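Chemist:
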Amino acid sequence: MRIDVVTLFPEFVRQCAEIGVVGRAQRRGLLQVATWNPRDFATDAHRTVDGRPCGGGPGMVMRIEPLRTALAAMRQADPAPAHVIYLSPQGARLTQGRVAALAGMPRIALLCGRYEGVDERLLAHEVDEELSIGDYVLSGGELAAAVLIDAVGRLQEGALNDAQSATQDSFTDGLLDCPHYAKPLHDPYGDVPAVLQGGDHAAIRRWRLKQSLGRTWLRRPDLLSQCVLDEESRALLDE
Ligand code: ADE
Numbered sequence: 001m002r003i004d005v006v007t008l009f010p011e012f013v014r015q016c017a018e019i020g021v022v023g024r025a026q027r028r029g030l031l032q033v034a035t036w037n038p039r040d041f042a043t044d045a046h047r048t049v050d051g052r053p054c055g056g057g058p059g060m061v062m063r064i065e066p067l068r069t070a071l072a073a074m075r076q077a078d079p080a081p082a083h084v085i086y087l088s089p090q091g092a093r094l095t096q097g098r099v100a101a102l103a104g105m106p107r108i109a110l111l112c113g114r115y116e117g118v119d120e121r122l123l124a125h126e127v128d129e130e131l132s133i134g135d136y137v138l139s140g141g142e143l144a145a146a147v148l149i150d151a152v153g154r155l156q157e158g159a160l161n162d163a164q165s166a167t168q169d170s171f172t173d174g175l176l177d178c179p180h181y182a183k184p185l186h187d188p189y190g191d192v193p194a195v196l197q198g199g200d201h202a203a204i205r206r207w208r209l210k211q212s213l214g215r216t217w218l219r220r221p222d223l224l225s226q227c228v229l230d231e232e233s234r235a236l237l238d239e
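Residue 239, in UniProt numbering, is where the sequence shown stops; the numbers in between run on with no holes.
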């Protein structure tokens, strides 16, 4: 998969994409992240990328031209179609379901806004989807882009070493994840639950499912109404 990022802070985005699982996915050739700085495409002496908002008001707005040229350069470098996403607090809330769908696309492009945002005409002509990572305001789209790259990158086939760990993530089945423990079994902070110390795998699966259900009920009851348990989980609870 290829991810192009249009950003005034390309070093930040590249560094985020070089660490951990996503960095490894890039080194394994499963993911390519490329950045495009609109400032490199500004044509005036000061390399201006923003302007005062028409009609007045605070802050500055990212202008059409440097962004249009950056996107054109991106398409010239690789003409394969890209699904263009603008990251902003006005977008639809990003979910694990949407992450999984985006992870299956061959190419996405992320447009990061700064200042008050981006000229609406550029968005209307160039953007396929607007996404928010949560109901709070960041000072730019770069952190949101890094979040999306991480969430999508780790789902690339072969990115995770333990193939099971993506399917066991929180939200994959609509539930929060269960608690996890490592050795030592006994510690001043407590003991590892007895069921995890034994080898009864069905009992362990049942315990984990119940923990997930309990945590979701306590912490995110809103998720429960949308969660549909698969056959195996229902059978486990019936036992
Ligand atoms: N840019 C600024 N705030 C944002 C948010 N919450 N999500 C995505 N992009 C943003």
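All C-beta atoms, glycine included, are put in the ideal place defined by N, C-alpha and C. For clarity, every value in this text was computed on a predicted model and none was experimentally measured.
Can you find a heavy atom of ligand 1 that lies under 8 Å from the Cβ of A45?
Modeler: Every heavy atom of ligand 1 is 8 Å or more from the Cβ of A45, so no.
Chemist: Considering only the beta carbon of each residue, do E126 and L138 sit closer than 9 Å?
Modeler: For E126 and L138, no; Cβs fall outside 9 Å.
Chemist: Can you grab the Cα-Cα spacing for the pair L218 / N161, in whole Å?
Modeler: Whole-angstrom Cα-Cα distance: 31 Å.
Chemist: Find the nearest neighbour of E11 within the set L67, A145, R234, A124, judged by alpha-carbon distance.
Modeler: If we check each option's Cα against that of E11, A145 comes out closest.
Chemist: Could you work out which residue in E129, D150, A70, H83 is closest to R93 when comparing CA atoms only?
Modeler: Out of E129, D150, A70, H83, E129 has the C-alpha closest to the C-alpha of R93.
Chemist: Is the separation between the beta-carbon of V5 and that of T35 shorter than 9 Å?
Modeler: The answer is yes: Cβ separation under 9 Å.
Chemist: Give me the DSSP bridge partner(s) of I108.
Modeler: Paired residues: I3, H83.
Chemist: From I64 to R28, what does the alpha carbon distance come to, in whole angstroms?
Modeler: One C-alpha to the other measures close to 36 Å.
Chemist: Hey, would you say the C-beta of P89 is under 8 Å away from at least one heavy atom of ligand 1?
Modeler: Yes, the beta carbon of P89 sits closer than 8 Å to at least one heavy atom of ligand 1.
Chemist: My assumption, with CB atoms under 8 Å, is that A17 sits in contact with I149. Please give the rounded CB distance.
Modeler: Confirmed, about 5 Å.
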